[in-house]
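Here's the structure we're looking at; comments come further down.
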């Protein structure tokens with residue numbers, strides 16, 4: 025029994041190399057005039073799933089996709105449509121920070137303001153710290169190392185129904201990471217800012233490129 029306990033402890037203390045890190049979420053928007061009040065209303069609306077409150081924050085012609093979907097009423101309709109699952113998509117933005125390119129408007133998540141310099145369709149961000157990268161598409165396969173908030177390239181097919189994705193890390197190593205720890209570079213992002221009168225609204229809530 026003591027040998028088993030010692031083996032379990034040793035396994036728990038195994039130190040894996042940190043393969044890469046660098047894009048941890050941060051909020052760079054707090055000093056932008058009007059943002060803090062907008063953030064308070066936005067977070068309150070999303071946490072409470074308050075439809076009227078979130079729609080009121082949307083611009084009259086809010087862009088929802090690149091195929092013609094736009095407007096507050098369409099936004100309201102999609103909020104209750106399980107096909108879009110927008111409440112969950114909005115909630116996923118909350119811990120991912122806020123960035124700004126011009127010091128006036130803002131982008132959620134923060135990493136949308138960063139230049140990955142890669143193919144946006146195959147670039148993913150590892151969401152989380154010390155995410156294990158395996159040698160095979162199996163939780164029982166060896167762990168090559170850990171990834172922390174870093175961009176990786178998809179090597180295999182885009183199929184989140186599989187448990188693992190085949191990826192290439194920044195150092196060129198290939199391995200497997202659980203899909204639940206990956207977020208596409210072109211996943212949902214929200215762009216908001218003030219109008220000429222200083223009133224804040226959400227101008228874009230889109231996915232894709």
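Numbering (my numbering), first residue to last: 25 to 233. Ideal Cβ positions, reconstructed from N, Cα and C, are used throughout, including at glycine.
Item	Value
Length of the line joining the Cα atoms of residue 76 and residue 224	16 Å
Exposed unless 16 or more other CB atoms sit within 10 angstroms - verdict on residue 206	buried
Start-to-end residues for the alpha helix (DSSP H) that takes in residue 59	59-71
Boundaries of the beta strand (DSSP E) in which residue 177 is found, first to last residue	175-178
Inter-residue Cα distance where the pair is residue 66 and residue 152	23 Å
Complete beta strand (DSSP E) runs within the stretch 191-225 (minimum length 3 residues, chain order)	198-202, 206-208, 213-218
Cβ contact (3+ pairs, closer than 8 Å) linking the stretch 180-190 and the stretch 101-113	no
Stretch-stretch touch, CB-based, cutoff 8 Å, three pairs: the stretch 117-137 with the stretch 206-216	yes
Spatially closest choice to residue 89 from 115, 218, 110, by CA coordinates	110
Status (buried if at least 16 other CB within 10 Å, exposed otherwise) for residue 80	exposed
Residue 159 vs residue 193 beta-carbon contact at 8 Å	no
Residues bridged to residue 229 [DSSP beta-bridge criterion]	214
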